[in-house]
Amino acid sequence: MLRRFLPGLALALVLAATQAVSAQQNPDFWVVNNSGRTITEIYVSSSASQNWGPDRLGQNVLNSGMQYPIRPPRDGTCVFDIRVVYANGTAEERRRVNTCNISQVVFGTAGPVARAPSGAAPLQPGPNPDFRLVNRSGRIITEVYVSPSTDQNWGPDRLGRNVLGIGQSMIITLPRDGTCVFDVRVVYDNGTATERRRVNTCTITEVTFP
């Protein structure tokens, strides 16, 4: 009876250890587009590989403020290179990213966002400045600009080649670095513009035009 029990116990321990390793080696992550431009191509490959492999977006695009899930094979590989191509043809890369230790790879901010260790309390982010921009103007919005009120320039157009139709909305995703007060500017299809100055987006969920 004891001889039968010991092999069974050993097998159970091996299975438990295998499951623990598998749980730890999760390479899945989100590509987050905070660039203010549209991403048209995403490539993810093992850092040991010599080629990028297929475009993971296919026929889709990733607009600014959106995110896209990447699910590599769970074969023990954790270190990847990530390349995105924008609508204007320029490209940006992140090299040797250990995606088993992070949950997001952000383009347009400092970089990856750490994955909380198993059993540990999640990291507490700063105030959330994200908001939804709603077009109730009766005109098509062709350009959207959002910048901290302390900045002297508007930065990139967050719509890129897209437009925001009448009654439509878009999510504006901003870095959680403690900044809450932003200026917002939209340009309509007739060339006129409207602005909202010194908007505390950490205390609201929507900015509506007009």
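Note that the sequence shown covers residues -23 to -1, 1 to 187 in mature numbering (1 follows the signal peptide of the UniProt record, and there is no 0). Every residue, glycine too, gets a C-beta built ideally from N, C-alpha and C.
Could you spell out the range, first to last residue, of the beta strand (DSSP E) harbouring residue i?
i	result
P46	Q44 to I47
R71	A68 to N75
W7	F6 to N10
A170	A170 to N177
V140	Element bounds for V140: n/a, residue is neither H nor E.
T156	Element bounds for T156: n/a, residue is neither H nor E.
D58	V56 to Y63
P125	I118 to P125
S26	Here S26 belongs to no beta strand (DSSP E), and DSSP marks it neither H nor E.
V83	I79 to F84
Using C-beta distances below 8 Å, list every residue in its chain close to residue i, excluding the 5 sequence neighbours before and after it, in chain order.
i	result
N167	R116
R138	T15 and A64
L34	I16, T17, E18, I19 and Y45
Keeping to the same chain, check which residues put their C-beta closer than 7 Å to that of residue i; ignore five residues upstream and five downstream.
i	result
residue 224	Outside the displayed range of the chain (-23 to 187) lies residue 224, so it cannot be described from this structure.
D32	E18, I19 and Y20
F108	I149, T178, I181, T182, E183 and V184
Tell me whether the beta-carbon of residue i lies closer than 9 Å to the beta-carbon of residue j.
i	j	result
I149	G42	yes
V158	V82	no
V38	G30	no
W45	I79	Sequence inspection shows Tyr at residue 45; the Trp mentioned does not correspond to that position. No, Cβ-Cβ distance for Y45 and I79 is not below 9 Å.
T76	V56	yes
T184	L136	Per the sequence presented here, residue 184 reads as Val, with Thr not at that position. In this structure, L136 does not lie closer than 9 Å to V184 by Cβ.
D160	D128	yes
S114	T178	no
What does a CB cutoff of less than 6 Å around residue i pick up in its chain, not counting 5 residues either side in sequence?
i	result
Y122	W131 and R162
T156	P125
T119	V140, V164 and D166
R175	S126 and V158
R48	D5
Please report the straight-line C-alpha distance between residue i and residue j, rounded to a whole angstrom.
i	j	result
D58	I181	37 Å
T54	Q2	8 Å
D52	M147	37 Å
L151	P106	6 Å
A64	T17	6 Å
R173	F84	26 Å
V(-3)	D5	Residue confidence for V(-3) is low, a pLDDT of 47 falling below 50, so the modelled location carries little weight and cannot support an answer.
P50	N28	17 Å
V74	F186	40 Å
Q36	T169	33 Å
Examine the ligand PLP and report whether any of its heavy atoms sits within less than 8 Å of the Cβ of residue i.
i	result
E183	Among the components of this structure there are no ligands whatsoever, and the ligand PLP is therefore not found.
When the cut-off is 9 Å and only beta carbons count, does residue i lie next to chain C?
i	result
V176	Within the model displayed, chain C is absent; a lone protein chain is all it includes.
For this session: Say whether the stretch 9 to 19 touches the stretch 62 to 75, bearing in mind that this needs 3 or more beta-carbon pairs closer than 8 Å, one atom from each stretch.
Result: With a cut-off of 8 Å, the stretch 62 to 75 and the stretch 9 to 19 count as touching, because enough Cβ pairs lie within range.
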